[in-house]
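Visitor: Per the numbering used here, residue 184 is the first one in the sequence shown, and the count goes up by one each step. Ideal Cβ placement from N, Cα and C applies to all residues, glycine included. Being a predicted model, the structure only gives us computed values, none of them experimental. Quick one: the structure is below, and I'll ask about it shortly.
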Amino acid sequence: MPGQPLHTEALVLLKQPPTDRFQQFTVFAPAHGILLCLQRVSTKSTPTSQRLDLFDEAELFLESSNQGRTWFIKEARLRRRHTAIGGSYDGLRLASSFARIIVRNPVGAESRVRLGGLVRRTLGAFDGAARPDLVYLKSLYCFARDEGYPVKQQWWQNLPPAERAIASEMLNRPLAEQTALPGAVAGVIHQLEDYLRGHTEILLE
Numbered sequence: 184m185p186g187q188p189l190h191t192e193a194l195v196l197l198k199q200p201p202t203d204r205f206q207q208f209t210v211f212a213p214a215h216g217i218l219l220c221l222q223r224v225s226t227k228s229t230p231t232s233q234r235l236d237l238f239d240e241a242e243l244f245l246e247s248s249n250q251g252r253t254w255f256i257k258e259a260r261l262r263r264r265h266t267a268i269g270g271s272y273d274g275l276r277l278a279s280s281f282a283r284i285i286v287r288n289p290v291g292a293e294s295r296v297r298l299g300g301l302v303r304r305t306l307g308a309f310d311g312a313a314r315p316d317l318v319y320l321k322s323l324y325c326f327a328r329d330e331g332y333p334v335k336q337q338w339w340q341n342l343p344p345a346e347r348a349i350a351s352e353m354l355n356r357p358l359a360e361q362t363a364l365p366g367a368v369a370g371v372i373h374q375l376e377d378y379l380r381g382h383t384e385i386l387l388e
């Protein structure tokens, strides 16, 4: 009996260590949400564009034999590879943290396309970013705001005036114009994460 087919665009958010036969990925598809995918580990030489890696954006041809609990990757056509993320420890750490947050907090079907745009922009920003800490802060704030939480009205407005001004600069200035010190950014990230843990249903790490 043939498996259930699926053709979709997706972004690779998690990559598990391979087994003898398969490499496991967790991907986000704007049209379908979070999918668990398996790609066969071949002993033969395979074109690089066909082997998925962490943070890839790809067109996937999938098949499932268990009603969509897992999907076998029959073909993967690479659209974009964010190789520079792995060149920075902080970039890789924070991009991975953001990706795990997306996986841990599935959104409704009505929000998937919007979230796909945010994830795509975020991975593009992390790709070679000089300030991955600011990319993480901006992206986490946007994710919470887009999910309907009053982060501006409830979190930002309740910061002390001096900290509110600093946070506003970090959130609103383009990355190329940012001058905030890493310690100051870490402080704002900590405050935002504390707010999300205490006042929202968003699951952080």
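1. If we count Cβ pairs, one from each stretch, closer than 8 angstroms, do we get three or more for the segment 297 to 307 versus the segment 192 to 199?
2. Which term fits threonine 231, buried or exposed, when burial requires 16 or more other beta carbons within 10 angstroms of its beta carbon?
3. Just the C-alpha distance for asparagine 288 and arginine 297, rounded to the nearest angstrom, thanks.
4. Would the beta-carbon of isoleucine 256 fall within 8 angstroms of that of glutamine 222?
5. Which residues in the same chain as cysteine 325 place their Cβ atom closer than 7 angstroms to its Cβ, once the five residues preceding and following it in sequence are excluded?
6. Counting pairs of Cβ atoms below 8 angstroms between the segment 353 to 370 and the segment 307 to 316, do you hit three or more?
7. State the DSSP-derived secondary structure class of arginine 314, mapped to helix, strand or coil.
8. Considering only DSSP beta bridges, list what arginine 380 is partnered with.
9. Please confirm whether proline 312 and threonine 383 have their CB atoms less than 8 angstroms apart.
10. With DSSP run on the structure shown, which of helix, strand or coil describes glutamate 246?
11. Could you say if the segment 236 to 244 and the segment 259 to 275 meet the contact criterion of at least three C-beta pairs nearer than 8 angstroms?
12. Which same chain residues, not among the five before or five after isoleucine 372, have their C-beta less than 8 angstroms away from its C-beta?
13. The ligand MG heavy atoms versus the CB of alanine 259: any closer than 7 angstroms?
14. How close, in whole Å, do the beta carbons of leucine 275 and glycine 269 come, if the pair is a contact with beta carbons under 8 angstroms?
15. Taking DSSP as the reference, what is the three-state secondary structure of leucine 196?
16. Take the Cβ of tyrosine 272 as the centre, count every other Cβ of all protein chains shown within 10 Å, and call the residue buried at 16 or more, exposed below.
17. For a test of the three-state rule: what should DSSP assign to alanine 363, helix, strand or coil?
18. Going by other Cβ atoms of all chains shown within 10 Å of its Cβ, with 16 needed for buried, is glycine 299 buried or exposed?
Guide: The structure says:
1. yes
2. Below a pLDDT of 50, predicted positions are generally treated as unreliable, and threonine 231, at 49, falls in that range; the measurement from the model is reported next regardless. Classification of threonine 231: exposed, given that the 10 Å Cβ count is below 16.
3. 14 angstroms
4. yes
5. Leu301
6. yes
7. coil
8. For arginine 380, which the question treats as bridged, DSSP gives no partner whatsoever.
9. Going by the sequence as given, residue 312 is alanine instead of proline. Result no, Cβ atoms of alanine 312 and threonine 383 do not sit closer than 8 angstroms.
10. strand
11. yes
12. Asp316, Tyr319, Leu320, Leu323, listed in sequence order.
13. Within the structure as shown, the ligand MG is missing, as the structure has no ligands at all.
14. 5 angstroms
15. strand
16. exposed
17. coil
18. Classification for glycine 299: buried.
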